[in-house]
Structure formats: C-alpha cells, structure tokens
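Student: Here our numbering is used: the first residue of the sequence shown is 5, the next is one more, and so on.
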Amino acid sequence: MTKKKKVSSNSQSELLKLEEKYCSWGDTVHYSKQPKIFERARGPYLYDDKNVEYLDLQMWYSAANFGYGNERLNSVLKKQIDKLPQLACQYLHKEKIELATKLCQLNEKKFDAKGRVHFSVGGASAIEDSMKLIRNTTGKNLVFAFFGSYHGRTLEASSITSSYRYRRHFGHFANRAHFVPYPYCFRCFYGKGKDTCGLYCVRQFEKLFESEYYSIYDSKGDECEFTAFYIEAIQGTGGYIIPPKDYFKELKKILDRYKILLVDDEIQMGFYRTGKFWAVENFGITPDIMAFGKALTNGLNPLGGIWAKEKLISPGVFPPGSTHSTFSSNTLGTAVGLETLKIIEDSDFATSINQKGNYFVKQFKALQKKYPNIGDVDGIGLALRVEICEADGFTPSRALTDKICENGLSGKLSAQGKRRGLILDVGGYYKNVFTLAPSFYMSNREIDLALELFEEALIKALKA
Ligand SMILES: Cc1ncc(COP(=O)(O)O)c(C=O)c1O
Numbered sequence: 005m006t007k008k009k010k011v012s013s014n015s016q017s018e019l020l021k022l023e024e025k026y027c028s029w030g031d032t033v034h035y036s037k038q039p040k041i042f043e044r045a046r047g048p049y050l051y052d053d054k055n056v057e058y059l060d061l062q063m064w065y066s067a068a069n070f071g072y073g074n075e076r077l078n079s080v081l082k083k084q085i086d087k088l089p090q091l092a093c094q095y096l097h098k099e100k101i102e103l104a105t106k107l108c109q110l111n112e113k114k115f116d117a118k119g120r121v122h123f124s125v126g127g128a129s130a131i132e133d134s135m136k137l138i139r140n141t142t143g144k145n146l147v148f149a150f151f152g153s154y155h156g157r158t159l160e161a162s163s164i165t166s167s168y169r170y171r172r173h174f175g176h177f178a179n180r181a182h183f184v185p186y187p188y189c190f191r192c193f194y195g196k197g198k199d200t201c202g203l204y205c206v207r208q209f210e211k212l213f214e215s216e217y218y219s220i221y222d223s224k225g226d227e228c229e230f231t232a233f234y235i236e237a238i239q240g241t242g243g244y245i246i247p248p249k250d251y252f253k254e255l256k257k258i259l260d261r262y263k264i265l266l267v268d269d270e271i272q273m274g275f276y277r278t279g280k281f282w283a284v285e286n287f288g289i290t291p292d293i294m295a296f297g298k299a300l301t302n303g304l305n306p307l308g309g310i311w312a313k314e315k316l317i318s319p320g321v322f323p324p325g326s327t328h329s330t331f332s333s334n335t336l337g338t339a340v341g342l343e344t345l346k347i348i349e350d351s352d353f354a355t356s357i358n359q360k361g362n363y364f365v366k367q368f369k370a371l372q373k374k375y376p377n378i379g380d381v382d383g384i385g386l387a388l389r390v391e392i393c394e395a396d397g398f399t400p401s402r403a404l405t406d407k408i409c410e411n412g413l414s415g416k417l418s419a420q421g422k423r424r425g426l427i428l429d430v431g432g433y434y435k436n437v438f439t440l441a442p443s444f445y446m447s448n449r450e451i452d453l454a455l456e457l458f459e460e461a462l463i464k465a466l467k468a
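Structure, rendered in structure tokens:
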C-alpha cells in the first residue's frame, strides 16, 4: 500500500503549487503577484513560516479591530464550544437574545428609534436580508447607491456595488442601482472645491427630481422609482473617504421629502472604527435600516445582521421565515458578539481611538511633507487614508502603490534591528489609496514603527 502524503508536511513552495492547482482563483488571493502563507497571528502582527513579524495596518479589512487572538474574545469562544457549540436556529439561546437586546437598546438611545435585529452569516448576506426587507416594505426593488460603493459580492450585493468589473462576467443585473457621485472632495466628480462648492453634489442629486424626464421620479404621482439609498457613511473599499460634515444631513432631507429609505452599511466602519460606535453617528442622521458584520465577532465565527426600525421589521410585516440560513444566529458568533459589546462598554474607545488616529494622521502628514508622492492623508478615528500619486501629488499612481504594498508584503523591511514586514491594503477608485484600519490597541510606539516601515517601503518603491 502506498502511503498518503500529508498536506501539513508540505513545504511553502509545495503548498503554493497545490493552491495554484486546486484552489479556485475566483476570490481575491491572486490579486497579489506572490500569494503569501501566514502561520500565526497575535495582537497587530502576522507571522510567516520563518517567524518574520508583519505589522498589520489593515486587520482583515477592519474585521479584527480588537487585535488577533484577543484573549477575552477567544476565551468566550472556547467556553461556548464546550457549552453550546451548535444549535439549530429555530431554537433560542441566551446570547442571541442578549446581543440583539443590547444592539436595539443602544440604537434606541442613539437614534431615539425602536427597532429589531435580524442575524445572518456575514456582510453580503446582511445586505441581501436588507434588500428583502425593502422589497417587503415597499413592493419595489430599485435603489440608489454611490460611486465607489462596495456592499459585497453576492448577486444582489453586486448589483448595488459600483464597479462594473464585479458584474461584467455575470449577466444582466436587472436591479442594478442608480449610482450617484460620492462626496469625494479630493477628487470631486464635478471638479468643485470643498470649501466653496455649497454641497453642489447634493444639489445635483436633488435636481433629478425636478422633471420626470430626468428618469427617476413621477412628479404627477409623487413617486420615485428608487425606494432606498444605500450609503457607507465613510466609504470603505472606495478609499476611506470622509464626506463633509453636513453632506448626509442635506441628503437625508431629500430622501425624506421623496419617501426614500436610508440604508446604512456599517459592515466595515461599525464598532468604533471611526471613533464612534457607528460611522453614521459622525453625521447626525438616523438610518431606517443598518447592516453590520465583520468586527462584531472580531472576525471570529462569522456573524452579520441588520437592525431596522420597528415599522419595517415587526413580526406583523416581516413574518417568520422571511429569510433564513442554517448558520444565521450561530451560538459561537453570538457569544463572541456579546462579549465584543461588553469590551466596548468597558473601554473608552471614543477617547483612545481618536487619540491614536490623530497621532497617526499627524505622523503621516509629516511624511507627506517629505514625499510629494503622498497626495492626500486623512482620517477619522482609526479609519485612515493615504493616497499615493505621481510627483505632482495628484495624478494617481497605482504602480507606485502596488510596489509599496509588495515591499511591505515581502517581509524584507528592517526596523528597530529586526527583519519585518508590513501589511497594507489598497482601495480607492484608482487603486492608489492605502486604506488603513489598524488594531484599536496599537501603542504610539507601534504607530511609530508603522511609519518607519511605511517610509522604508516607500523609499524602496521610489528607487525601483
Ligand atoms: C461596506 C461593506 N459592505 C459589505 C461588505 C461585504 O461583507 P462580507 O465580505 O462579509 O460579505 C464589505 C466587505 O468588505 C464592506 O466593506
């Protein structure tokens, strides 16, 4: 009998060959020239097979906000594995009820609105559920969304995600959103200046309702063809873009006038990424529906969900079985989610995250003075953007961005007497923005280390 070779005994290069052959390339791994295998994670660091330490400035697209291997969250997960590891969703367990209660009570306080929470298994599935809720409420299925939006990659989520690249291989999207320019003031779609524009982009949106011949509104019947507007209060994949303070207030007035629901996607920016529990709190408006996921469980057992106002989601209008997944309110995810909320209650993130974020931005702005290729630096809480350009400080440079990213990932940087790596993630309309979502627990020393590594990766890229 021939002995079977164990996968675990394969070397890194053998594993990469197997991956190339047996793993689908349909996900995002092969965006990178040299896919990387990591062995372990702790705090803000990832480690490869040679024990090289990589400082992670993206924390799994803002899913692992509370640090890799967070002891408090891990230990709750382990306890739940020993106590109630599995349970069919038609039965109840304590953590699900307590987690939903906490989120609803929190929103009641924040928004003075009663509502309910409905769980699902991740971001895109939460978006799917929100769309069912909208269809159920209004009987319609067309919505507005933003240029630069990202809401996930299931079919419905892709239909409200702006990039055509995500849709073009998958046939006709009858429900494709009507996309509207996001207030991306560094590169204003209308070529206006932030301080003098008078929110020109909102006025352009408002103009669409002036005549039925602008395609979206029947002025005789007072009815808009589009029934909700999906927003990211801070745009995530689009490049961590921070809108002007009054933008959403002005937009909301128009939506209210035309009875259009506001759906707030907090999947990437929720749970304190922006220095407030929800990103939308930075703008003083109340959404009708919210979607959340990622950091609720610190990226441990998948859990997502929606919160919606009572009138949209009460059992009388959204009856049992309206949506379902076997894994939707799983016992492991809900236990961790509940502990995440307890961590938030026990911490002063409103202070610490804003302090760390300000320090980060200050250091990056100092670097920007030295390197004209850093076109824009901005941040809110610990959602930070660094836009990489040609030497004119404006023309986007995807090539330079990619080189910096690869230098970080090579694990061949050195700082403080040690070989190191740096994990960066690239977003933005021109793929030239580092969207930085560092761990909430990074110390100022680690922020200095991040800057040192970033500068080294940049210098090497400029020389290449
Ligand atoms: C704003 C936003 N919405 C939705 C999603 C999709 O979430 P998931 O990847 O968990 O399906 C993401 C993921 O990055 C996101 O950033």
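Here a beta-carbon is modelled for each residue, glycine too, at the ideal position from N, C-alpha and C.
Only a predicted model underlies this, so the values are computations on that prediction, with no experimental measurement involved.
CA-CA distance, Pro89 and Lys100?
Tutor: Mapped onto the sequence shown, residue 89 falls at position 85. Mapped onto the sequence shown, residue 100 falls at position 96. Going from the Cα of Pro89 to the Cα of Lys100 covers about 13 Å.
Student: Within the present structure, is the beta-carbon of Glu285 separated from the nearest heavy atom of ligand 1 by less than 6 Å?
Tutor: Within the sequence shown, the letter at position 281 stands for residue 285. No, Cβ of Glu285 sits at least 6 Å from all heavy atoms of ligand 1.
Student: May I have the straight-line CA-CA distance separating Ala468 from Lys37, to the nearest angstrom?
Tutor: Mapped onto the sequence shown, residue 468 falls at position 464. Mapped onto the sequence shown, residue 37 falls at position 33. Distance between the alpha carbons of Ala468 and Lys37: 16 Å.
Student: Please state whether the Cβ-Cβ distance between Leu265 and Asp292 is less than 7 Å.
Tutor: Position 261 of the sequence shown, counting from 1, holds the residue named residue 265. Position 288 of the sequence shown, counting from 1, holds the residue named residue 292. Contact flag set, yes.
Student: Quick check: what's the CA-CA separation for Arg180 versus Phe148?
Tutor: Start at 1 with the first residue of the sequence shown, and residue 180 comes out as number 176. Start at 1 with the first residue of the sequence shown, and residue 148 comes out as number 144. When rounded, the distance between both Cα atoms is 9 Å.
Student: Using only the alpha-carbon positions, how far apart do Leu19 and Lys422 sit?
Tutor: For this step, residue 19 is matched to residue 15 along the sequence shown. For this step, residue 422 is matched to residue 418 along the sequence shown. Cα-Cα distance, rounded: 27 Å.
Student: Who does Gln239 pair with in a DSSP beta bridge?
Tutor: Locating residue 239 in the sequence shown gives position 235, where the first residue counts as 1. DSSP output for Gln239 lists Ile245 as bridge partner(s).
Student: Give the C-beta separation of Gln16 and Ile41 to the nearest angstrom, bearing in mind that I take them to be a contact with Cβ-Cβ under 8 Å.
Tutor: One-based indexing of the sequence shown puts residue 16 at position 12. One-based indexing of the sequence shown puts residue 41 at position 37. Right, the Cβ-Cβ distance comes to about 6 Å (below 8 Å), so this counts as a contact.
Student: Near Thr290, which residues of its chain fall below 7 Å by C-beta distance, leaving aside the five closest residues on each side in sequence?
Tutor: The sequence position of residue 290 within the sequence shown is 286, counting from 1. Closer than 7 Å at Cβ, skipping near neighbours: Phe115, Ala117.
Student: Which residues in the same chain as Ser332 place their Cβ atom closer than 7 Å to its Cβ, once the five residues preceding and following it in sequence are excluded?
Tutor: Position 328 of the sequence shown, counted from the start, is the residue given in the question as residue 332. Within the same chain, Ser332 has close Cβ partners Cys93, Phe123, Ser124, Val125.
Student: Taking only heavy atoms of ligand 1 into account, decide whether any of them is closer than 6 Å to the Cβ of Ile271.
Tutor: As a working mapping, residue 271 is identified with position 267 in the sequence shown. Under cutoff, so the answer is yes.
Student: Nearest-angstrom Cα distance between Tyr51 and Leu426?
Tutor: Translated into the one-based positions of the sequence shown, residue 51 becomes position 47. Translated into the one-based positions of the sequence shown, residue 426 becomes position 422. Each residue's alpha carbon lies about 11 Å from the other.
Student: Along the chain, where does the beta strand (DSSP E) that runs through Ser418 open and close?
Tutor: Looking up residue 418 in the sequence shown gives position 414. That run of the beta strand (DSSP E) goes 417 to 419.
Student: Does Cys131 come out as helix, strand or coil in the three-state DSSP assignment?
Tutor: Against the sequence shown, residue 131 aligns to sequence position 127. Note on identity: in this sequence residue 131 is Ile, with Cys being the wrong assignment. Three-state result, Ile131: helix.
Student: Within the region 131 to 216, note down every full alpha helix (DSSP H) run reaching 4 residues or more, in order along the chain.
Tutor: For the region 131 to 216, whole alpha helix (DSSP H) runs of length 4 or above, ordered along the chain, are 159 to 163, 204 to 211.
Student: So what's Glu227 in DSSP terms, helix, strand or just coil?
Tutor: The sequence position of residue 227 within the sequence shown is 223, counting from 1. Three-state DSSP puts Glu227 in a strand.
Student: I want to know whether the region 423 to 443 touches the region 403 to 411 - three or more CB-CB distances under 8 Å.
Tutor: Touching, per the Cβ criterion.
Student: Could you pull out every residue in the same chain whose Cβ sits closer than 6 Å to the Cβ of Met294, ignoring the five residues on either side in sequence?
Tutor: The residue given as residue 294 occupies position 290 in the sequence shown. The residues are Asp268, Glu270, Trp311.
Student: Looking only at its own chain, which residues have a Cβ that is under 8 Å from the Cβ of Ala232, when we skip the five neighbours before and after it?
Tutor: Looking up residue 232 in the sequence shown gives position 228. Cβ within range, chain order: Ile138, Thr142, Val147, Phe148, Ile264, Leu265, Leu266, Val267, Asp292, Ile293.
Student: What do you reckon, is the C-beta of Tyr65 under 6 Å from a heavy atom of ligand 3?
Tutor: Ligand 3 is not among the ligands present in this structure, which contains only ligand 1.
Student: Helix, strand or coil, according to DSSP, for Glu57 in the structure here?
Tutor: Here the question's residue 57 lines up with position 53 in the sequence shown. In this structure, Glu57 counts as strand in the three-state DSSP scheme.
Student: Hey, Phe353 and Tyr445 are a contact pair by Cβ (cut 8 Å); roughly how many whole angstroms apart?
Tutor: Here residue 353 refers to the residue found at position 349 of the sequence shown. Here residue 445 refers to the residue found at position 441 of the sequence shown. Contact doesn't hold; Cβ gap of about 10 Å is too wide.
Student: When every heavy atom of ligand 1 is checked, does at least one fall within less than 6 Å of the C-beta of Tyr445?
Tutor: Against the sequence shown, residue 445 aligns to sequence position 441. Answer for Tyr445: no, Cβ out of range of ligand 1.
Student: By the three-class DSSP mapping on this structure, what secondary structure does Leu19 have?
Tutor: Start at 1 with the first residue of the sequence shown, and residue 19 comes out as number 15. Looking at Leu19 - three-state DSSP - the assignment turns out to be helix.
Student: Would you call the region 316 to 330 in contact with the region 356 to 369, where contact means no fewer than 3 C-beta pairs closer than 8 Å?
Tutor: The region 316 to 330 is not in contact with the region 356 to 369.
Student: Quick one: what does DSSP say Asp452 is sitting in, helix, strand or coil?
Tutor: Numbered from 1 along the sequence shown, position 448 holds the residue referred to as residue 452. If DSSP states are grouped into helix, strand and coil, Asp452 belongs with the helices.
Student: Using 8 Å for Cβ pairs, my map puts Pro297 next to Ala68. What's the rounded Cβ distance?
Tutor: As a working mapping, residue 297 is identified with position 293 in the sequence shown. As a working mapping, residue 68 is identified with position 64 in the sequence shown. Here residue 297 turns out to be Gly, not Pro, going by the sequence shown. Not really, about 13 Å apart at Cβ, beyond 8 Å.
Student: Near Gly127, which residues of its chain fall below 6 Å by C-beta distance, leaving aside the five closest residues on each side in sequence?
Tutor: In the sequence shown, counting from the first residue as 1, residue 127 sits at position 123. The residues are Gly156, Ile271, Gly297, Gly308.
Student: In this structure, what does DSSP give as the bridge partners for Val365?
Tutor: Looking up residue 365 in the sequence shown gives position 361. Answer by DSSP bridge pairing: none, since Val365 is not bridged.
Student: Hey, how far is the Cα of Val184 from the Cα of Glu210?
Tutor: Within the sequence shown, the letter at position 180 stands for residue 184. Within the sequence shown, the letter at position 206 stands for residue 210. Cα to Cα, the separation comes out at about 11 Å.
Student: Is it buried or exposed, Trp282, if we count other Cβ atoms within 10 angstroms and call 16 or more buried?
Tutor: The residue you call residue 282 lines up with position 278 of the sequence shown. The residue in question, Trp282, is buried, as its Cβ has 16 or more Cβ neighbours within 10 Å.
Student: With 7 Å as the threshold, decide whether the Cβ of Leu336 is near any Cβ in chain E.
Tutor: Considering every chain present, this structure includes no chain E. It has just one protein chain.
Student: According to the neighbour-count rule (16 or more other Cβ atoms, all chains shown, within 10 Å of its Cβ), is Gly361 buried or exposed?
Tutor: As a working note, residue 361 is residue 357 in the sequence shown. Per the 10 Å Cβ criterion, buried.
Student: Does the contact criterion of 3 or more C-beta pairs under 8 Å hold for the region 367 to 380 versus the region 388 to 399?
Tutor: In short, these stretches touch, since the Cβ pair count reaches three.
Student: Considering only C-alpha positions, which residue in the set Phe70, Tyr204, Thr32, Asn14 is nearest to Lys346?
Tutor: Within the sequence shown, residue 346 is the residue found at index 342, counting from 1. Taking only the C-alpha atoms, the option nearest Lys346 is Phe70.
Student: Do you know offhand how far Gln109's Cα is from Gly341's?
Tutor: If you number the sequence shown from 1, residue 109 lands on position 105. If you number the sequence shown from 1, residue 341 lands on position 337. Distance between the alpha carbons of Gln109 and Gly341: 15 Å.
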